[in-house]
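Working notes for the structure below.
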Amino acid sequence: MHSLGELAARFGLELHGDPQLRVSRVATLSQATDGALSFYANSRYKKHLAATRATAVVIGPGDVSMCPVAALVSPNPYLAYARIASLMHPPAAPAAGIHPSAVVAATANVAASASIGPMCVIEEGAVVGERARIGPGCVVLAGARIGDDTRLMPRVTVYPSVSIGRRCLLHSGAVIGADGFGFAPDHGSWFKVPQLGSVRIGDDVEIGANTTIDRGAIGDTIVDEGAKLDNQIQVGHNVVIGAHTAIAACTGISGSTTIGRRCMVGGMVGFAGHLTIADDVTVTGCTLVSASIREAGSYSSGMPAVETRLWRRMVANLRRTVKRRDDGGTVQNGH
Amino acid sequence: MHSLGELAARFGLELHGDPQLRVSRVATLSQATDGALSFYANSRYKKHLAATRATAVVIGPGDVSMCPVAALVSPNPYLAYARIASLMHPPAAPAAGIHPSAVVAATANVAASASIGPMCVIEEGAVVGERARIGPGCVVLAGARIGDDTRLMPRVTVYPSVSIGRRCLLHSGAVIGADGFGFAPDHGSWFKVPQLGSVRIGDDVEIGANTTIDRGAIGDTIVDEGAKLDNQIQVGHNVVIGAHTAIAACTGISGSTTIGRRCMVGGMVGFAGHLTIADDVTVTGCTLVSASIREAGSYSSGMPAVETRLWRRMVANLRRTVKRRDDGGTVQNGH
Amino acid sequence: MHSLGELAARFGLELHGDPQLRVSRVATLSQATDGALSFYANSRYKKHLAATRATAVVIGPGDVSMCPVAALVSPNPYLAYARIASLMHPPAAPAAGIHPSAVVAATANVAASASIGPMCVIEEGAVVGERARIGPGCVVLAGARIGDDTRLMPRVTVYPSVSIGRRCLLHSGAVIGADGFGFAPDHGSWFKVPQLGSVRIGDDVEIGANTTIDRGAIGDTIVDEGAKLDNQIQVGHNVVIGAHTAIAACTGISGSTTIGRRCMVGGMVGFAGHLTIADDVTVTGCTLVSASIREAGSYSSGMPAVETRLWRRMVANLRRTVKRRDDGGTVQNGH
């Protein structure tokens, strides 16, 4: 239970309403009941704001006049909400120590304040930092390093010599440091090129469920501090992802591509290899990035759905422009 | 071994042939030998039907005249085949009980008729229903609920408080309830928005290998009864998937999108966030759904492959239509 | 430590420089220091070659004149480099034997020379071949076969009766043999079609992290010898992938499609089902293959990104070609 007065003071928010009112949980505007705190940051929910039964709403200064209940006012209500929600719902912290079922090599260096869950395997020379929490069924291979306060959710694999920074969060099924995809043609078959680099992940990085980040071929694959990766993302060998770049689910980044800082990449985007993407680039969902991007800005190639019948004709018309050129015409001189 | 007479009676099928004939297994039309049951439901296999050495074929009334062997006739031969195959090849059921290597919290509630495989971890307050089967290496975190007769194949992760219905089947590597992808911008970096909702999965849902379903930010992510999800699908936070909707592999659904009932979604489809998709919508493979779909029907934007040389010219021509408008013309008035 | 003379002799390379020089590791041209071996196979790195501080460089005959240091000359420098790197950096081989924490069925047949890691589960009737190495947390279900010298990295799942060849490498999170996606419509819901086939993987196949290969519905899903699959690839039931075909990450192959030998498939490619793809076909990244490909060659439909503002107009223009046809005109007769 927190009083609105206490929350306003702690987070530097302007309060419209009774500072004695108390909130014990967060809820959406439409589902909130007495004792719930909600937030308003998207005009599509204006109706829900008008009808909310929340005890208080975190809201921007321009919208506070529409708020039917107590208001905690912030220029960035979504951020203010996130800070309050983090205070009200702290993540559970397992007790320090190594579960008896875990297999930890004698030469592994596990901090006394760290927690190693059941069924974990920590190999020789691995390092697990202060207060790090390794969930059930994780495998940390030889010489890998897990930074202080980093959490691995269940069933994460960290390959040999991979280095993960502090305060990171890796979700279940993530695989960090598997071999990059490198083969040399050898008379009709493929000869495996040893993948001898590693992966270096900075501080405050989040990596989603079943995301894979391959080790470098010679040098390392790098994810810089504060980068946020969603689920089922594939990061090829020797990729560099700049600090504070956010990438949505199902995106794939081919080998040796460098993505700048503070980029925002939508879902299911494909990056070709050996590209350089500038800082502050936005790429919308389902786009193919096949060439380097030198300037900040927004880039797209995702084709929006239409009725299948129309789509077939759009495709036919696009093909026809080529056929006509084959007939000696061009789109221009055909007119 | 089942006699054709027994199968015809049990499944209400019309039999053309000797009711004493027996079948012991299923096989394709082309690979079937004596004692095998096959089915015919796709005219592309007409030649295989004519040449089949199966003992009997499940077939539709309109095709029975083409059947060179005994026929079990059904208006829906594929369904009839599936029912017979399920009878002839029941899934193996492990013995009830908890494997000694499993780690089950004292406060977990595991039905005596349930089976918990080796290396499983079942945390505090988790519930595992009657006859549920938890495969090797699964992790069921605190307070999660697994319904009666639900099967988890090996290495499935169920996050805290997730609820899974009855008679569900989750394949290996599935991750249910990881954090949604939510971050508030905070002066050039990202502040994590706590993901406080959960995931609710209805009865009779199948979830494919390495599919990920994120927990809600505040409310829950929902997969309704009878929905079928293929492998490597990503379901974002607060998504709702309607009853009996089927989604093919590699599709990604962004946060807060609602998909209707009985929809059929192809592979590698991308849904933007905050959309509403009507009931009975079909989306073909590799389509980007970037706006809500209000009416049942079929929708597409997947571009079919052509020779690379032609494709480059199609792209150049499409770009040219824009350049020309920059020069003051338009596709229309250019004519 | 290897002398250049020894390497030249062992791999049949022409040496330009002092045969007594020794190298102990590999490095990129730009990061190499004394004692490092590098290679030059891509003209984009010409400047790095000129400035390299490597002790020796593996290089082609046409480029050797540009090499400022000792040169090991090969017509295929990338292959020669890979062979030398494999010699200098052999993969670690764990000791033979079964870790005490592993659960191995009495009826499983594990070669004495094989290594079974901690937390593994090997079920009844499974076979693990000579010198095979099963990493921590792997699950090999009933009757599955792992060939001689095959390595499973941590947390791989092999379903019942799956057969994997010799000298294969499967990366963490791979799931081989989960049910194909098959359901028969049954009065508004779906009836599961039992997936009774298996998966057969040939010799010398590599399978990436979190890749999924489904078992066949009746017959088997097949990956032929020498095929190389990257991470997060989805292979549907009854697919056949020809020998020595290489497929990049995030590609999805729908059921019953057959891909030829020596094909090269880019990342995030989608294949529709029931197709036949010829030998020696190249498909570039983010392409949708919706029809069979009968001739070798390169095929594409990945749309390259442009500024979002321009892209919106390109899409509008493509739509307009259809609208105009609705008005009775066509692209052709409009001229």
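Residue numbers (the numbering used here), protein chains in the order written: chain A, 221 to 555; chain B, 221 to 555; chain C, 221 to 555. The beta carbon of each residue, even a glycine, is placed where N, CA and C say it ideally should be.
Chain-order list of residues whose beta-carbon lies under 6 Å from that of residue i (same chain, five-residue window excluded)
i	result
B/Gly490	Gly472 and Leu508
C/Val376	Cys358, Leu390 and Ala394
B/Val341	Val323 and Val359
B/Val455	Ile433 and Ile473
A/Cys372	One point to set straight first is that residue 372 of chain A is Leu, not Cys, in the sequence displayed. Same-chain partners within the cutoff: Ile354, Gly355, Cys358 and Leu390.
A/Ser381	Gly363 and Ser418
C/Ala305	Val246
B/Thr502	Met484 and Ser518
Candidates the options, of which the one nearest residue i by Cα
i	options	result
C/Ser250	C/Lys267, C/Ser244 and C/Val289	C/Lys267
C/Phe231	C/Phe259, C/Leu299 and C/Gly237	C/Leu299
A/Thr465	A/Gly480, A/Ile453 and A/Ser476	A/Gly480
C/Cys388	A/Lys412, A/Ala469 and A/His407	A/Lys412
B/Ser335	B/Arg264, B/Thr370, B/Ser392 and B/Met221	B/Thr370
A/Pro281	A/Asn296, A/Ile304 and A/Pro288	A/Asn296
C/Arg264	A/Ser476, A/Gly317, A/Gly428 and A/Ala290	A/Ser476
C/Thr504	C/Val243, C/Gly486, C/Asp434 and C/Ala346	C/Gly486
A/Thr275	A/Arg533, A/His222, A/Ala469 and A/Pro310	A/His222
C/Leu292	C/Ala315, C/Ile304 and C/Ile279	C/Ile279
B/Ala404	B/Gly462, B/His309, B/Ala328 and B/Pro414	B/Pro414
B/Val526	C/Ser520, C/Ile442 and C/Pro524	C/Ser520
B/Ala331	B/Phe401, B/Gly317, B/Met339 and B/Ser321	B/Gly317
A/Ile467	A/Gly446, A/His457 and A/Thr253	A/Gly446
B/Ile396	B/Gly345, B/Gln452 and B/Pro310	B/Gln452
Endpoints, alpha helix (DSSP H) assigned at residue i
i	result
A/His268	Lys266 to Ala271
C/Glu226	Leu224 to Phe231
A/Ser418	No alpha helix (DSSP H) holds A/Ser418; DSSP gives it neither H nor E.
Residue i, DSSP secondary structure in three states
i	result
C/Gly397	strand
B/Gly282	coil
A/Tyr379	coil
C/Val535	helix
A/Ala498	coil
A/Leu249	coil
B/Ala511	coil
C/Leu304	Sequence inspection shows Ile at residue 304 of chain C; the Leu mentioned does not correspond to that position. Three-state result, C/Ile304: helix.
Counterpart residues of residue i in DSSP-defined beta bridges
i	result
C/Lys543	Per DSSP, none; premise fails for C/Lys543.
C/Trp410	C/Pro405
C/Leu243	Rather than Leu, the amino acid found at residue 243 of chain C in this sequence is Val. Per DSSP, C/His222.
B/Glu527	C/Tyr519
B/Val359	B/Val341 and B/Thr377
A/Ile336	A/Ile318 and A/Ile354
B/Gly490	B/Gly472 and B/Leu508
C/Asp434	C/Ala398
B/Glu445	In the DSSP output, where bridge partners are listed per residue, B/Glu445 has none listed.
B/Asn329	B/Val347
A/Leu372	A/Ile354 and A/Leu390
A/Gln454	A/Thr432 and A/Gly472
Other residues of its chain near residue i: CB distance less than 7 Å, five sequence neighbours each side excluded
i	result
A/Val551	Because A/Val551 sits at a pLDDT of 36, beneath the cut-off of 50, its placement in the model cannot be relied upon, and the following sentence gives the value as read from the coordinates. Closer than 7 Å at the Cβ level, and outside the excluded window around A/Val551, lie Thr541.
C/Thr496	Thr478 and Ser512
C/Arg303	Phe231
For residue i, the first and last residue of its enclosing beta strand (DSSP E)
i	result
A/Leu235	Glu234 to His236
C/Leu257	Ala256 to Phe259
B/Ala463	No beta strand (DSSP E) holds B/Ala463; DSSP gives it neither H nor E.
C/Ala290	Ala290 to Val293
Beta-carbon proximity list for residue i, same chain, < 8 Å, skipping 5 on both sides
i	result
A/Gln240	Ser223, Leu224 and Gly225
B/Arg386	Gly349, Gly367, Asp368, Asp369, Thr370, Asp423 and Asp424
For the region 336-355 of chain C, which residues have a CB atom closer than 9 Å to at least one CB atom of chain E, in sequence order? No chain E is present in this structure, whose protein chains are A, B and C.
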